[in-house]
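A.B. asks: Taking the working numbering, the leading residue of the sequence shown gets 185, the next gets one more, and so forth.
We put the beta carbon where it would ideally sit given N, CA and C, even for glycine.
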Amino acid sequence: MMRISAKQHQRSNAQHQKLAPPAGSEPNHAMLSVSVDNTVYGILLEQVHHIDYPDTPTPLPWGFAPIEGVARVNGHPIVQVNVAEALGVAQQTRQEGRIVVLALPQGYLALKVDAVLELRDRRELSLLTAERLGAWIGACRNHPLENIHPTTTPIEPDHAQGHILVVASGGHTLGLRANNVARIEQVGEILPQRGHDSDAGCLIRVDNRVMPARSMACLLGVPDRVECLALVLQDAEQPVALLVERVLNLEKVDSFQMTTSQSGFKRLWHVRSHGDVIEVVDAKTFFDKETDIHASIPVDTPLAHWRFLPKLAAKLDSEGLRIYCGNVICVIPTILVERILDDPPESDELPQRKGHLAVIDCARLMHQPDNSPEHCHILLSLPDGRVLLKVQRAELRAALPGQNWQPLTLLPPPAATLFDAASFDETANQWVWRLSPSFRFNRFSWRLKCLLASAMLGRKRSVPLL
Numbered sequence: 185m186m187r188i189s190a191k192q193h194q195r196s197n198a199q200h201q202k203l204a205p206p207a208g209s210e211p212n213h214a215m216l217s218v219s220v221d222n223t224v225y226g227i228l229l230e231q232v233h234h235i236d237y238p239d240t241p242t243p244l245p246w247g248f249a250p251i252e253g254v255a256r257v258n259g260h261p262i263v264q265v266n267v268a269e270a271l272g273v274a275q276q277t278r279q280e281g282r283i284v285v286l287a288l289p290q291g292y293l294a295l296k297v298d299a300v301l302e303l304r305d306r307r308e309l310s311l312l313t314a315e316r317l318g319a320w321i322g323a324c325r326n327h328p329l330e331n332i333h334p335t336t337t338p339i340e341p342d343h344a345q346g347h348i349l350v351v352a353s354g355g356h357t358l359g360l361r362a363n364n365v366a367r368i369e370q371v372g373e374i375l376p377q378r379g380h381d382s383d384a385g386c387l388i389r390v391d392n393r394v395m396p397a398r399s400m401a402c403l404l405g406v407p408d409r410v411e412c413l414a415l416v417l418q419d420a421e422q423p424v425a426l427l428v429e430r431v432l433n434l435e436k437v438d439s440f441q442m443t444t445s446q447s448g449f450k451r452l453w454h455v456r457s458h459g460d461v462i463e464v465v466d467a468k469t470f471f472d473k474e475t476d477i478h479a480s481i482p483v484d485t486p487l488a489h490w491r492f493l494p495k496l497a498a499k500l501d502s503e504g505l506r507i508y509c510g511n512v513i514c515v516i517p518t519i520l521v522e523r524i525l526d527d528p529p530e531s532d533e534l535p536q537r538k539g540h541l542a543v544i545d546c547a548r549l550m551h552q553p554d555n556s557p558e559h560c561h562i563l564l565s566l567p568d569g570r571v572l573l574k575v576q577r578a579e580l581r582a583a584l585p586g587q588n589w590q591p592l593t594l595l596p597p598p599a600a601t602l603f604d605a606a607s608f609d610e611t612a613n614q615w616v617w618r619l620s621p622s623f624r625f626n627r628f629s630w631r632l633k634c635l636l637a638s639a640m641l642g643r644k645r646s647v648p649l650l
């Protein structure tokens, strides 16, 4: 029998606590009394939406006292304010405290207090108002920010259903249509190629039978790999084999995401359960009579070559380009990404030259530690200009099932200028911020412009744009 602690029982009651005004008082005069540093304050009961226990909030970039970060309350991101710091009182060591969530015209706000006491008449207590908690609250708009989704190209559906074999060779992972694979065998012996077997890379012996075979790694431009597994394909004339290093999994696929290149070449992509995106090909394609077809099958995963990433990302159902800067995780809508560079760009001393941009260090901009030996650079094309960002690392991840972007409200500047939504990452146990695709440089506050200036990698350092 499962036991529930008294503390868990209190948490459950607090989340569903119904508040009623004290007897003999009018509802609009009722206040919820709270304790902060041994002083009792009152909160208008009509503003109280929820009472809960505090949890560790996600630190907000450019956050400042009394903001502790963004809390997760019933799945929603809500700015959390330490009332003791807002009032400028010395906070001694307390118990875990309570969170009082207010429903204000500008959005929800979480107040961290020492204790929630009782309901009292408002004329008996000092009122906690938004002006006392933070000057930025009054400057926020009186309605939630619009949740702007990046523009994406519709994905053409492929209704073929079935299974795929996820295989790996030469550092590449891809899916093979399993309906063309008759069986998987261990390679017994590799024989020299005969003159009339021009379509085969080699000959192999499987169960005392010789058949033509090709190495997947060699076709991908990665020779000299040890491939001990043969995928025997069912061919009209004779069986052939595709050599691979590993067979990772057999996965059921109901539909594929399809992209079409400018030349009309179509590729199928499959989003695996943990978010990886792999290309799916027909194994018989590797045995096509025309050798130039093989060269046109670059089975690079979207994480392999940054330069081709934005074109693919625009067609995939991705959350956007995820960047890491110290302890901060952000997502940039793919519509803003113009180019992504693996290697550090070369700098020069001619910032006035046409076609050069200054590099902005995101870790320095967000006051984050940067101990990473490697970085990547992202060129953004914004509505009113272009900017080059230096980040610790970046990755394209497919939108996971159930991932939900929540609008951010009551953010202080400059975070309110840059971010419009957040999604909670269960693995990292923190909020991931989404860059607003509609922000403008001319809307930046003076403080943010100063932060941008300090984040430049040298006053005269810039990079040439290829």
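State the beta-bridge partners of PRO396 as determined by DSSP.
C.D. replies: Answer is LEU387.
A.B. asks: Which value, in whole angstroms, describes the spacing of the CA atoms of ARG456 and GLU269?
C.D. replies: The alpha-carbon atoms of ARG456 and GLU269 are separated by roughly 46 Å.
A.B. asks: Let's test the definition: count the other Cβ atoms within 10 Å of the Cβ of LEU563 and tell me whether it reaches 16, buried, or not, exposed.
C.D. replies: Burial call: buried.
A.B. asks: Under 8 Å by Cβ, that's how I've got LEU426 and ARG398 pegged, so tell me the actual separation to the nearest angstrom.
C.D. replies: Going by Cβ atoms, the distance from LEU426 to ARG398 rounds to 6 Å, so yes, they are a contact pair.
A.B. asks: Where does THR611 fall in DSSP's three states?
C.D. replies: Here THR611 sits in coil by DSSP.
A.B. asks: Which residues bound the alpha helix (DSSP H) around GLY322?
C.D. replies: Counting along the chain, the alpha helix (DSSP H) containing GLY322 begins and ends at 319-323.
A.B. asks: Can you look up CYS560 in the DSSP assignment and give me helix, strand or coil?
C.D. replies: Note: CYS560 maps to strand in three-state DSSP.
A.B. asks: On the three-pair Cβ rule with 8 Å, is the stretch 591-603 touching the stretch 239-259?
C.D. replies: Yes, the stretch 591-603 is in contact with the stretch 239-259.
A.B. asks: Using the Cβ count rule (16 or more neighbours within 10 Å means buried), how would you classify SER189?
C.D. replies: Because SER189 carries a pLDDT of 38, less than 50, the predicted location of this residue cannot be relied on, and the following value inherits that uncertainty. SER189 is exposed by the Cβ-count criterion.
A.B. asks: How many Å lie between LEU317 and VAL284 at the Cα?
C.D. replies: In a straight line, the C-alpha of LEU317 is about 13 Å away from that of VAL284.
A.B. asks: Going straight from the alpha carbon of VAL218 to that of VAL267, what length do you get?
C.D. replies: Between VAL218 and VAL267, the C-alpha separation is close to 10 Å.
A.B. asks: Cβ of LEU434 within 9 Å of Cβ of ALA362?
C.D. replies: Yes. Within cutoff.
A.B. asks: Measuring CA to CA, which of LEU311, ARG307, ILE251 is closest to LEU295?
C.D. replies: If we check each option's Cα against that of LEU295, ILE251 comes out closest.
A.B. asks: Is it buried or exposed for THR335, if we count other Cβ within 10 angstroms and need 16 for buried?
C.D. replies: Because THR335 sits at a pLDDT of 30, beneath the cut-off of 50, its placement in the model cannot be relied upon, and the following sentence gives the value as read from the coordinates. With fewer than 16 other Cβ atoms within 10 Å, it is exposed.
A.B. asks: Tell me the DSSP secondary structure of GLU269 in three-state form.
C.D. replies: Of the three classes helix, strand and coil, the one that applies to GLU269 here is helix, per DSSP.
A.B. asks: Hey, could you find the ends of the alpha helix (DSSP H) ARG548 is sitting in?
C.D. replies: Its alpha helix (DSSP H) spans residues 546-549.
A.B. asks: For the candidate residues GLN587, ARG570, HIS347, whose alpha-carbon lies nearest to that of PRO621?
C.D. replies: Out of GLN587, ARG570, HIS347, ARG570 has the C-alpha closest to the C-alpha of PRO621.
A.B. asks: Can you tell me which of ALA287, GLY405, LEU505, ARG581 puts its alpha carbon nearest to the alpha carbon of HIS228?
C.D. replies: In the sequence on display, residue 228 carries Leu and not His. The option with the nearest alpha carbon to LEU228 is ALA287.
A.B. asks: Report the three-state DSSP secondary structure of CYS412 (helix, strand or coil).
C.D. replies: If DSSP states are grouped into helix, strand and coil, CYS412 belongs with coil.
A.B. asks: What separation, rounded to the nearest whole angstrom, lies between the Cα atoms of PRO261 and VAL300?
C.D. replies: Distance between the alpha carbons of PRO261 and VAL300 is about 22 Å.
A.B. asks: Relative to the C-alpha of ILE519, which candidate in SER565, HIS551, HIS559 has its C-alpha closest?
C.D. replies: Among SER565, HIS551, HIS559, the Cα nearest to that of ILE519 is on SER565.
A.B. asks: Just checking my contact of THR240 with VAL254 at CB under 8 Å: how many whole Å lie between their CB atoms?
C.D. replies: Not really, about 11 Å apart at Cβ, beyond 8 Å.
A.B. asks: Taking its Cβ as the centre, do 16 or more other Cβ atoms sit within 10 Å of GLY226, making it buried, or is it exposed?
C.D. replies: The residue is buried, with at least 16 neighbouring Cβ atoms inside 10 Å.
A.B. asks: Just verifying my parser: in three-state terms, what is the DSSP assignment at ALA578?
C.D. replies: Strand.
A.B. asks: Name the residue from LEU349, CYS509, TRP615, GLY372 whose alpha carbon lies nearest to the alpha carbon of LEU573.
C.D. replies: Ranking LEU349, CYS509, TRP615, GLY372 by Cα distance to LEU573 puts CYS509 first.
A.B. asks: List the whole-angstrom C-beta distance separating ALA578 from ARG506, where the pair is believed to meet the contact cut-off of C-beta under 8 Å.
C.D. replies: Yes, they are in contact, since the Cβ atoms of ALA578 and ARG506 sit about 7 Å apart, within 8 Å.
A.B. asks: So for LEU303, helix, strand or coil by DSSP?
C.D. replies: Three-state result, LEU303: strand.
A.B. asks: Which residues mark the beginning and the end of the alpha helix (DSSP H) in which HIS601 is found?
C.D. replies: Note on residue identity: the sequence assigns Thr, not His, to residue 601. From DSSP, the alpha helix (DSSP H) with THR601 extends over 599-602.
A.B. asks: Express the C-alpha separation of CYS386 and ASP568 in angstroms, rounding to a whole number.
C.D. replies: Approximately 57 Å, taken between the alpha carbons.
A.B. asks: Just to confirm, are GLN422 and ALA366 a CB contact at a threshold of 9 Å?
C.D. replies: No, they are not a contact pair.
A.B. asks: Quick check on this structure: which residue in LEU413, SER353, GLU373 has the alpha carbon closest to the alpha carbon of VAL394?
C.D. replies: It is GLU373 whose Cα lies nearest to the Cα of VAL394.
A.B. asks: Should GLN536 be labelled buried (16 or more other beta-carbon atoms within 10 Å of its own) or exposed?
C.D. replies: With a pLDDT of 38 at GLN536, under the threshold of 50, the predicted position of this residue should be treated as unreliable, though the coordinate-derived value follows. It is exposed - the Cβ of GLN536 has fewer than 16 other Cβ atoms within 10 Å.
A.B. asks: Less than 9 Å between the C-beta atoms of SER607 and VAL521, yes or no?
C.D. replies: Not closer than 9 Å, so no.
A.B. asks: From the DSSP output, in three-state form, read off ALA362 for me.
C.D. replies: ALA362: helix per DSSP, three-state reduction.
A.B. asks: Using the beta-carbon count (16 or more within 10 Å), is ARG618 buried or exposed?
C.D. replies: So ARG618 counts as buried.
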